[in-house]
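Asks:
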Amino acid sequence: MDQTHRVRIAGTDTDLSVAQDQPILDAALRANAWIPHSCTQGTCGTCKLKVLCGAVDHHGSPDYTLTAEERSSGLALACMATPRTDVTVEPIGAVDDGVPHHPLRDYTGTVIQLDDIAANTRRLVVELDTEMTFNAGQYSELIVPGTGVGRQYSMANPPSESRRLEFHVKLTPGGLATDGWIFSSLSVGDPISLRGPLGQFNLVAEQPQPAILIGGGTGLAPLKSIVQHSLAHQLVPEIYLYHGGRRREDLYDFEYFTALSEDNANLHYRPALSEETWSGANGLVTDVVLEDFSSCKGMSAYLCGPPAMIEASVKALKRRRMAPRLIFREEFTPAATPKSNS
Ligand SMILES: Cc1cc2nc3c(=O)[nH]c(=O)nc-3n(C[C@H](O)[C@H](O)[C@H](O)COP(=O)(O)OP(=O)(O)OC[C@H]3O[C@@H](n4cnc5c(N)ncnc54)[C@H](O)[C@@H]3O)c2cc1C
Ligand code: FES
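Everything in the sequence shown is counted per the working numbering, starting at 3 for the first residue and increasing by one.
#1: So does ASP117 have its beta carbon nearer than 7 Å to some heavy atom of ligand 1?
#2: Identify whether GLY221 lies in helix, strand or coil by the three-state DSSP scheme.
#3: So, for ALA314: in the same chain, excluding its five sequence neighbours on each side, which residues have a beta-carbon less than 6 Å away from its beta-carbon?
#4: Could you check if HIS350 belongs to the surroundings of ligand 2, using beta carbon to heavy atom distance under 7 Å?
#5: On a CA-only basis, which of VAL190, PRO193 and HIS231 is nearest PRO161? Give me that one, please.
#6: So what does DSSP say about ARG165, is it helix, strand or coil?
#7: Using 7 Å as the cut-off, classify the Cβ of SER156 as near or not near the heavy atoms of ligand 2, replying yes or no.
#8: Can you give the beta carbon distance from HIS104 to THR135, rounded, assuming they're within the 8 Å contact cut?
#9: Under 7 Å Cβ to Cβ from ILE184, same chain only, skipping five residues before and after it: list those, please.
#10: Can you tell me whether GLY13 is buried or exposed? The criterion is at least 16 other CB atoms within 10 Å of its CB, across all chains shown.
#11: Contact between the segment 265-282 and the segment 243-250 is defined here as three or more beta-carbon pairs at a separation below 8 Å; is this criterion met?
#12: For the alpha helix (DSSP H) that contains GLU293, what are its first and last residues?
#13: Check whether the Cβ atoms of LEU200 and TYR258 lie closer than 8 Å to each other.
#14: CA-CA distance, ILE114 and SER164?
#15: Quick check on the contact list: which residues have their beta carbon closer than 7 Å to a heavy atom of ligand 2?
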């Protein structure tokens, strides 16, 4: 039988039985005990916690998110660390962020659609065997068959479609999940395993501020979920949706969002191209936002895509006086290179 250890989360009633090889974050989220987290792969540092007593294994926690100094002072990454003994831990971030969360679960389903929708980009639609409840903006980890390895992909469908999950996937040449599976062997009708929901990028409650949504490439995925959910529940007074690509072939769901914005006067859709002149907005998407707004004071932002685009967007929005606490982001960071236990 697998050995388990008790993991207590200080300051809460949470007392978990965690398998020796199970990351603390995984066990906590399955018990619906919230620990702030973003990437679930050791690359963002959001899930840091303090080990108050007991010992953990850090596994492949990268040095750039958990320095040697942090390890020796008792910090750990909840998404990587497994208990070596019974432990008491204290998350660094708030365990109650005021958002209703949904427990993490394993799911199985079937691929019902797999289409090329833009350059090196596919839409993957999965019909789940059972419903998944999640917040608009969250993601799942698709399990690459035969490896047990999970890769993160944001749900592009609204939470109301709880058995039909839509993902937008960009090809990474040589990548395990994309080149080696989703863009090669995966077919309609194939079974698929995943776990979710994960992440703290979401828009669930009514907010008084207008929202600027900026997606780079497949960073449009969680924003599509957020847009649909917000429009259905009238959560946001005005939505400014920006989608950045280099060329026209990089844009997708153009007709869908054009029609949606014609039907919803409070949705403003602005796709932008940086390397091709066309009738829409021209330039880097962040420069287009800077041109469109002389001030972003009193507005919020939801940013998703490659880390460089997010960094540039945050800089641009701060220049336009948006409050940093109203800037929410999801970075599509690549997985860290595996390394030995420590
Ligand atoms: C929270 C989260 C949500 C995500 N959501 C989506 C999504 O909705 N759609 C989507 O397309 N992707 C998304 N990603 C990225 C996705 O999870 C994978 O990282 C990506 O698809 C590559 O996986 P892979 O297994 O094919 O490549 P890997 O085998 O992981 O990578 C192969 C090689 O390429 C490098 N590499 C991988 N990606 C990049 C990159 N972007 N830039 C530079 N080098 C890279 C790796 O370091 C490695 O050397 C998300 C990532 C995170 C953290
Ligand atoms: S490092 Fe753990 S969630 Fe990102």
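We put the beta carbon where it would ideally sit given N, CA and C, even for glycine.
Replies: Let me lay it out:
#1: no
#2: helix
#3: THR288
#4: Missing from the structure shown is residue 350; the chain here goes from 3 to 344 and no further.
#5: HIS231
#6: coil
#7: no
#8: 4 Å
#9: ARG124, LEU126 and VAL171
#10: exposed
#11: yes
#12: 287-294
#13: no
#14: 15 Å
#15: LEU27, HIS39, SER40, CYS41, THR42, GLN43, GLY44, THR45, CYS46, GLY47, THR48, CYS49, THR67, LEU79, ALA80, CYS81 and MET82
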